[in-house]
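Take the sequence shown: its position 2, counting from 1, is numbered 1 in numbering that gives the first Met the number 0, and each next residue is one higher. Beta carbons are placed, not taken as given, at the ideal position from N, Cα and C, and that holds for glycine. These notes concern the structure reproduced below.
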Amino acid sequence: MRIIGIDPGSVFCGYGVIDANSNSIEVVEYGTIEVKKKAEDFNLRLKEIYAKISSVLERTSPEQAAIELTFYSKNPQSLIKLSQARAAAILAIVNKNIPISEYSAREIKKSVSGRGAASKEQVKFMMRALLKIPNECDYFDTTDALAIAVCHSNKCNNGTHNKPKSWKQFIKNNPDKIVKL
């Protein structure tokens, strides 16, 4: 299964595409989209994120996508900009009809390093070791995006991806198990 992981940002937006099966994970492509910070209009930055993510999707044809959830920020303006950048990336994915999953930073870190409070350096080390990517992969955004894709692969391969999170979802997914009295 080909998966794209996206670490959204309004200045640096990391992406990583992997081919994953139950036995191995191989890197297809990865990088960081560096958006012009001094763009006169923030909307033009969002347009650039959308266009560049769309280009990556066109080039790599992923079957599934995973993106990091936004986290609480002390600066409301930063949170708003991050959310808008994330929405631009999600829109590019949705326009290609690719199913998308979302994971918290803690969930991603725990999945790839065994520790939910792992540092960015530890996540980067694990991605270099697991995926055998070269040392010139300097941006944390890139290794974070690869970690997001690996996290999604891990969830899919251990059966927790489609696991119902509520009774309502379980019933919806399993109508044949309902006994009508």
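Inter-residue Cα distance where the pair is residue i and residue j
i: Cys155; j: Lys46; result: 31 Å
i: Ile52; j: Ile177; result: 42 Å
i: Gly13; j: Val55; result: 11 Å
i: Ala128; j: Arg105; result: 20 Å
i: Tyr138; j: Tyr29; result: 11 Å
i: Ser21; j: Ser118; result: 27 Å
i: Asn172; j: Ser152; result: 21 Å
i: Lys73; j: Glu57; result: 36 Å
i: Pro61; j: Val93; result: 12 Å
i: Lys33; j: Ile147; result: Checking the sequence shown, residue 33 turns out to be Glu, not Lys. The straight-line gap from Cα to Cα measures roughly 19 Å.
i: Ala84; j: Ile170; result: 35 Å
i: Gly115; j: Ile107; result: 7 Å
i: Ile99; j: Lys80; result: 21 Å
i: Ala65; j: Ser9; result: 18 Å
i: Ile24; j: Ser82; result: 29 Å
Minimum Cβ-Cβ distance from residue i to chain D less than 8 Å
i: Ala88; result: Absence of chain D from the displayed structure is noted, only one protein chain being present.
Strand pairing of residue i, partner residues [DSSP]
i: Gly13; result: Asp6 and Thr31
i: Asp18; result: Arg1 and Glu25
First through last residue of the alpha helix (DSSP H) which encompasses residue i
i: Val149; result: Phe139 to Asn156
i: Lys123; result: Lys119 to Leu130
Cβ-based burial, residue i [other Cβ within 10 Å; buried from 16]
i: Val16; result: buried
* Give, in chain order, every unbroken run of the alpha helix (DSSP H) that is at least 4 residues long and sits entirely within the stretch 22 to 78. => 41 to 59
* Sequence ranges, beta strand (DSSP E) only - wholly within the stretch 71 to 116, length at least 3 -> 99 to 102
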